[in-house]
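The structure appears right after this line, and notes come after that.
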Amino acid sequence: MAFTAHPEEVARLRRAVRLHLTEWGRDDLVDTAQLCVSELVSNIVTHVGIGTPGSLVLSTAGERLRVEVHDPDTRALPTLVDAEIDAEGGRGMALVDALADRWGVRLYEDHKVTWCEFGGEEVAGPLTPDGGPSMERADALLDVYATLKPPACSYDRESGRVRRRVEEESVIGIVTDLLHRLRAHGGDVDRVLDCAQSRLEAARR
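The opening residue of the sequence shown carries number 394 in our numbering; numbering runs sequentially from there.
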């Protein structure tokens, strides 16, 4: 559903969420999904600007509901912050984080997608030749990193069309940041790199 970012649009989108979820027999998720849609769209109004074109996408996989809000600004990323009790803003993504089973941001060249999921078993992501716990942890870390250091770390893992150069830059950024922290706390960077390389080679065998 296309929309133009404006406070009055939030009520229309909430009604659309209720209509679709009721038709799908997911009345149990109506209130939660409506609140998250309100926060995600309000984020666009506040941080991208009134009049910004956007779209709302609802989809299901088994018992799981996915909500996506698309907008054209790849710089203004939603982030989770600790807002003071008397702060006028800053609690939107904290609410989404509390209500949704998981959420994240996907960045493309011309737009971003902020998404959250609710209910049912977690839908498995696309399988990779070298899957397993290490890949799952790395994917989760890249998702978090993408919300903290835009926009150079943007990538599109979920669609299976990974922009290799951008993903490589993300990995380099993560490794560099971790090594900076290690060195600042007196760690041996060269030893850690050697150990990591040895483990990587061992995993290939």
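Each residue gets a CB set at the ideal place from its N, CA and C atoms; glycine is no exception.
When you compare only the Cα positions, how much space is there between residue i and residue j?
| i | j | result |
| --- | --- | --- |
| R411 | I567 | 40 Å |
| G483 | I437 | Its pLDDT being 49, under 50, G483 is placed unreliably by the model, and nothing is read from it. |
| D494 | G512 | 7 Å |
| R408 | E416 | 12 Å |
| G518 | L488 | Since pLDDT at G518 reaches only 40, below the 50 mark, its modelled position is unreliable, and no value is offered. |
| A454 | A589 | 37 Å |
| F396 | V564 | 35 Å |
| Q427 | S435 | 12 Å |
| A386 | E401 | Residue 386 is absent from the structure shown; the chain starts at 394 and stops at 598. |
| T569 | R419 | 44 Å |
| V460 | A404 | 16 Å |
| L534 | G497 | 11 Å |
| L593 | L586 | 10 Å |
| I443 | M486 | 19 Å |
Nearest CA to the CA of residue i: which residue from the options?
| i | options | result |
| --- | --- | --- |
| L492 | D581, D421 and F396 | D421 |
| R499 | D490, V434 and P465 | P465 |
| D503 | G579, D490 and G447 | G447 |
Taking Cβ positions, are residue i and residue j nearer each other than 8 Å?
| i | j | result |
| --- | --- | --- |
| A398 | V441 | yes |
| L414 | L449 | no |
| R574 | V582 | no |
Exercise. Quick check: the segment 493–507 against the segment 462–471, are there 3 or more CB pairs under 8 Å?
Worked result: Touching, yes, given that three or more Cβ pairs across the two stretches are closer than 8 Å.
Exercise. What alpha helix (DSSP H) runs, 4 residues minimum, are completely inside the segment 405–479?
Worked result: The segment 405–479 contains these whole alpha helix (DSSP H) runs: 423–436.
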